[in-house]
Amino acid sequence: MAKMIDKSQQRDELRQHFSRRVHDQARLVVNAWRNLDEVLWNPDWHGDFIRRCDKLQQLAVRYESQDILAEAETLLTLLAKTTDNQAPSSDVLEALSKPVHRLAERCSRRDDNAAALNIDSRKPVYLCCHQPEQAHDLSHHLEFFGIPSQIIADRQALMLAIAHRRPAALLMDVEFDGDGLGVTADAQQLSSPALPVYFYSQHPPDIDMRLAAARAQGVGFQEGTLDAGILVKQLSSLYAFRSEPPYRVLIVEDSPAQAFFAERSLNQAGMLTQVVTEPLTILDALESFQPDAILMDMYMPHCSGIELAQVIRQQWRYDVVPILYLSAEQDTGKQLEAMAQGGDDFLTKPVEPDMLVATVRNRCQRNRGLKEQMIRDSLTGLLDHINTLDVLKRSIAQAQAEQRNLCFAMIDIDHFKDVNDRYGHAVGDSVIRSLALFLRQRFRLTDRIGRYGGEEFAIVLHDIELDKAGELLEAISQGFAQIQHDAQGERIQVTFSCGVAQLAQGDSANELSKAADSALYEAKKAGRNTVRLAKQG
5 MAKMIDKSQQ
15 RDELRQHFSR
25 RVHDQARLVV
35 NAWRNLDEVL
45 WNPDWHGDFI
55 RRCDKLQQLA
65 VRYESQDILA
75 EAETLLTLLA
85 KTTDNQAPSS
95 DVLEALSKPV
105 HRLAERCSRR
115 DDNAAALNID
125 SRKPVYLCCH
135 QPEQAHDLSH
145 HLEFFGIPSQ
155 IIADRQALML
165 AIAHRRPAAL
175 LMDVEFDGDG
185 LGVTADAQQL
195 SSPALPVYFY
205 SQHPPDIDMR
215 LAAARAQGVG
225 FQEGTLDAGI
235 LVKQLSSLYA
245 FRSEPPYRVL
255 IVEDSPAQAF
265 FAERSLNQAG
275 MLTQVVTEPL
285 TILDALESFQ
295 PDAILMDMYM
305 PHCSGIELAQ
315 VIRQQWRYDV
325 VPILYLSAEQ
335 DTGKQLEAMA
345 QGGDDFLTKP
355 VEPDMLVATV
365 RNRCQRNRGL
375 KEQMIRDSLT
385 GLLDHINTLD
395 VLKRSIAQAQ
405 AEQRNLCFAM
415 IDIDHFKDVN
425 DRYGHAVGDS
435 VIRSLALFLR
445 QRFRLTDRIG
455 RYGGEEFAIV
465 LHDIELDKAG
475 ELLEAISQGF
485 AQIQHDAQGE
495 RIQVTFSCGV
505 AQLAQGDSAN
515 ELSKAADSAL
525 YEAKKAGRNT
535 VRLAKQG
């Protein structure tokens, strides 16, 4: 029997090894696509991207990964129609972005991606703490969130560690080895590009210390008691693996030549474009294209750019969409007037392609960030209550149309009022943030997580059956229960209860959420710290 178990384990290990190879190659494809907006479409990038896709196809065939094989074949078919020195049309770019996005989703799933579970394959964070006990506690905390770390004893040990393996980041106590800032400066001499550094000082830093930290590439600085939850949130962005949809830019320009120039310049950076040469048709284009930014001429037939901007701003849905003027107008007064009437930026023709791309990219990035903030809970960064319900309604409609499984889970932190009453709201907020981050790290990109209110959370799980969803939530529950939270010098552990329901034919969002809520009630009644499944049928 022991030999049979060993053979089974060996098969599992081999399967995980093969899965890692395919998913690692898929990541290389996704990363190359994400770099397009920086390097622009050129022969070197084009050739490298094709080679990565071709290798992905070969590995997917060899290791029988049918889903990834389909995506690789789609990419290679589309790339065969492109040239290496000229970006394809916006339609082709959008078609290329879709399989890349699906690859990113598949490589981020916690349930079918062994690489995601193997934190040893990720670059560690080097912990340079003045107090060894603090370093060990922090390392243990990071491990629960899938962040590998290595405790560094002194300056020499740090230099040797960096020479051996570049870390993902440094956590640097300013008192580390007597001179944390100086140690960091020496470490940066060995690193190219510079390492991101998160500084910590037990005492309030003055402006000179903060300047020194900034010059040493400090991207964060905590003072007083080190908040492990905040550090985890900062570090998690280094390990995030997401493929954002390409930016969408609506070009309103009556000159075909100028429109072509703008379109090609933005396409080179991987941005999707739609050209409107008849300004009075812009409302239909806004509705169908849903742009991240609008690039518009100032002088056009039938109406001016300023008038068109005012029409756009009349509609609250487009109130925050940035409008950039691209015009030959040289008069500063008229440029300022255009900016005051709904415009966000002004570029003067002729404009260099690099300047056009950089300006439009920055505006698109800010617009997406603003829209994200508008629909998210300020404490956790998760979807707020209203938008969680909106996502649930749309997910139900999609699942019913495509006849696919959908589950809805509701979570409630156990005895949360007691935590607030005993340790204060700051500790309660820290527990909420920790659970939010823990959930985000353990669900797929396709799953959507929201803060339902107070200490309640909700998760929309796609393409999963009820029993599998229950097993997943149970594992997450057990993992979260092991985390030690700092509470005014004490270490406390917190649990949660959960109810899960699966969508039945004809269910509405209200019926599905009620079923999950009833299951949650049963979990609490059973003593809390457990997961209950809603009855089916």
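Our numbering numbers the first residue of the sequence shown as 5 and each following residue consecutively. Idealized CB from N, CA, C, for every residue including glycine. Predicted, not measured: the structure shown is a model, and the values here were computed from it.
Around the beta carbon of residue 495, fewer than 16 other beta carbons sit within 10 angstroms, so the residue counts as exposed. Apart from the 5 residues on each side of it in sequence, residue 316 sits with its Cβ closer than 8 Å to the Cβ of 286, 290, 298, 322, 325, 327, 346 in its chain, given in chain order. In this structure, the alpha-carbon of residue 350 lies about 14 Å from that of residue 266. By the beta-carbon neighbour count (other beta carbons within 10 angstroms, threshold 16), residue 156 is buried. Here residue 309 is buried: its Cβ has 16 or more other Cβ atoms, across all protein chains shown, within 10 Å. Taking C-beta atoms under 8 Å as the contact rule, residue 505 and residue 520 qualify, at a distance of about 4 Å. Cβ neighbours of residue 372 within its own chain (closer than 7 Å, five residues either side excluded): 296. Inter-segment contact for the region 264-278 and the region 79-96 is present: three or more beta-carbon pairs are separated by less than 8 Å. Look at the beta carbons and you see the region 100-114 touching the region 71-85: at least three pairs across the two are nearer than 8 Å. Taking 8 Å as the upper bound for CB-CB distance, residue 501 and residue 416 are in contact here, some 5 Å apart.
When Cβ pairs closer than 8 Å are counted between the two stretches, the region 407-414 is seen to touch the region 468-483, the count reaching three or more. Residue nearest to residue 391 within the set 220, 221, 464, 40 is 464 (criterion: CA-CA distance).
Here the alpha carbons of residue 467 and residue 405 stand approximately 13 Å from one another.
Relative to the Cα of residue 184, the nearest Cα in the group 83, 213, 33, 517 belongs to 213. Here residue 411 carries a strand assignment [DSSP, helix/strand/coil]. When 302, 344, 358, 318 are compared, the shortest CA-CA separation from residue 333 is found for 302. In the DSSP assignment, residue 452 is bridged to 464. Residue 365 is positioned such that its CB atom lies no closer than 8 Å to that of residue 348.
Residues 470, 503, 504, 505, 506, 519, 520, 522, 523 of the same chain have their beta carbon placed closer than 8 Å to that of residue 538, with the five preceding and five following residues left out of the count. At least 8 Å separates the beta-carbon of residue 30 from that of residue 53. According to DSSP, residue pairing for residue 275 in a beta bridge does not occur. Distance from the CA atom of residue 45 to the CA atom of residue 90, rounded to whole angstroms, is 7 Å. Here residue 208 has 227 as same chain residues with Cβ atoms under 6 Å from its own Cβ, once five neighbours each way along the sequence are excluded. Under the three-state reduction of DSSP, residue 306 is assigned to coil, being neither helix nor strand.
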